[in-house]
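The sequence shown lines up with residues -22 to -1, 1 to 351 when you count with mature numbering (1 follows the signal peptide of the UniProt record, and there is no 0). Idealized CB from N, CA, C, for every residue including glycine. If you're wondering where the values come from, they're calculated on a predicted model, not measured in any experiment.
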Amino acid sequence: MKQIYLSSSALAFLTSAVLVQAAQQGATCNSTNPCSSQYPCCSEYGFCGDGYYCLGGCNPLASNTLNSCNPSPLCENANYTLSDTSRILSNYTYFNGNASEYDWVVEQGSIINTTSNGEAAIAVLLTETGGGTLLSSTRYVHYGQITARLQTGRWAGVVTAFITMSSIKDEIDWEFPGNQTTTGQTNYFWQGVIPTQTAGVTETGLTDTYANWHDFTIDWQPDSLTFLVDGNVTRIITPVEATNNATGAVQFPTTPSRIQLSIWPAGISTEPQGTVQWAGGMINWNDPDYVAAGHFYALFQSVSVQCNDPTTPSASDTSYVYGANSSLDTPSIAFSNASTMINGAPALIGMSTSAMSMWLGISVALALGGLVL
């Protein structure tokens, strides 16, 4: 082998080439500004790319074509014990779409194993420098009953959340803002539309959600959406109640969704003032709990899923796809036996595989003092 040292101009050229490709891949996208054929997939955060951009949360209505996104893994009845982290992939960028290999992926942040009140669980962490933690299921649910057993945080500005989120932003929420440990908030959204009048409702009378385990349930059916705490119904919504009288659109969640568990910082300067107030104010990074542990946290013990697809999938079906007649107002969902996996290694951090490989190669070579060939 021989070692080659790059001149500053050569290094600048290679770095520029990588950054240009990264910029092209990171173009923003939405339903009126879809992605190009070169980087066809609109990620859950609204950026065009390939590789893992085409997996969980990829928006088919903002991608280059309806089938640019990989098919979404089919719902399976399951009881997930989260303390078994062998089924949780800690770095989402390495996920290849194989939902038989991993049940959950960490999209952001960190998790650790812990025990509370004699029950093994995971803690999802929030730090001042690293932000919050988001854990997403690898499989989707298209109607069904989902229950999460959890203990919330107890700090102003810190939000614990158990939600479902579809690729086109249908959303169903259980959220626990700030230090309000005897209440929870239920909400739902249709395709990301923020209504003039919030659909959020505060559920009261809970025993301390920080100190005690509770089972929070989202029972999502084609004709109703029911929220429960420890098996007791707290709220029911029907599609009729979700109808927009001005447009006639039924603004009720209808599309396959992933389950997401999180802790996130609402009480920070970059959040809107209304969000900060909703969460109980700014986060106190000098809180004794934070100083002692080095993080804030919420605990998740388990998640159970009972699927209730509107029609029964066949034995060969493996995934959901959006039908050819899908539009913003009337998305249609079909079963498919197409693979949910991407080919080869996934792209990383907003770059194609080749660009990232080149960039990593350059970085490692520079750290070692040159390029080895």
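- A Cβ-Cβ separation of about 6 Å places S21 in contact with G35 under the 8 Å criterion.
- Contact between the region 44 to 52 and the region 117 to 128 is present: 3 or more CB-CB pairs across the two stretches fall below 8 Å.
- The residue among E54, L103, P250, L33 with its C-alpha nearest the C-alpha of T296 is E54.
- With respect to P18, N42 sits close: the two C-beta atoms are nearer than 8 Å.
- The continuous alpha helix (DSSP H) containing A270 extends over residues 266 to 271.
- In the three-state reduction of the DSSP assignment, T174 falls in the coil class.
- DSSP links W242 through a beta bridge to V137.
- With fewer than 16 other beta carbons inside 10 angstroms of its own, G183 counts as exposed.
- CA-CA distance, N69 to G226, rounds to 42 Å.
- Contact between the region 133 to 143 and the region 258 to 272 is present: 3 or more CB-CB pairs across the two stretches fall below 8 Å.
- Here DSSP, grouped into helix, strand and coil, assigns S145 to coil.
- Ranked by how close their Cα comes to the Cα of D62, the residues E85, I89, R236, F73 have I89 in first place.
- Counted as a single uninterrupted DSSP element, the alpha helix (DSSP H) harbouring V254 occupies residues 251 to 256.
- Where D193 is concerned, the enclosing beta strand (DSSP E) starts and stops at 192 to 199.
- Sixteen is the threshold: since fewer than 16 other Cβ atoms of the shown chains lie within 10 Å of the Cβ of T6, the residue is exposed.
- Here E85 is not near L128, since their CB atoms are 8 Å or more apart.
- For Q3, the three-state secondary structure derived from DSSP is helix.
- Rounded to whole angstroms, the gap between the alpha carbons of T159 and E219 is 29 Å.
- The Cβ atoms of I150 and Y166 lie closer than 8 Å to each other.
- Assigned with DSSP and collapsed to three states, R132 falls in coil, not helix or strand.
- Rounded to whole angstroms, the gap between the alpha carbons of W242 and G109 is 7 Å.
- Within a 10 Å sphere around the beta-carbon of Q3 sit 16 or more other beta-carbons, which makes this residue buried.
- The C-beta distance from P234 to I311 rounds to 6 Å, short enough to fall under 8 Å.
- Per the DSSP secondary-structure output, R127 pairs in a beta bridge with D193, S280.
- DSSP lists W152, V179 as the bridge partner or partners of T164.
- Around the beta carbon of V83, 16 or more other beta carbons lie within 10 angstroms, which makes this residue buried.
- If you draw a 10 Å sphere on the C-beta of E153, you find 16 or more other C-beta atoms in it, and that means buried.
- When secondary structure is reduced to three states using DSSP, C36 falls in the coil class, being assigned neither helix nor strand.
- Each residue's CA atom was taken as its position, placing T308 and S64 some 39 Å apart.
- Approximately 6 Å separates the beta-carbon atoms of L239 and F140; this is inside 8 Å, confirming the contact.
- Under the three-state reduction of DSSP, T105 is assigned to strand.
- When secondary structure is reduced to three states using DSSP, T232 falls in the coil class, being assigned neither helix nor strand.
- The Cβ atoms of A276 and G170 lie no closer than 8 Å to each other.
- Burial state of G252 is exposed, judged by a 10 Å Cβ sphere holding fewer than 16 other Cβ atoms.
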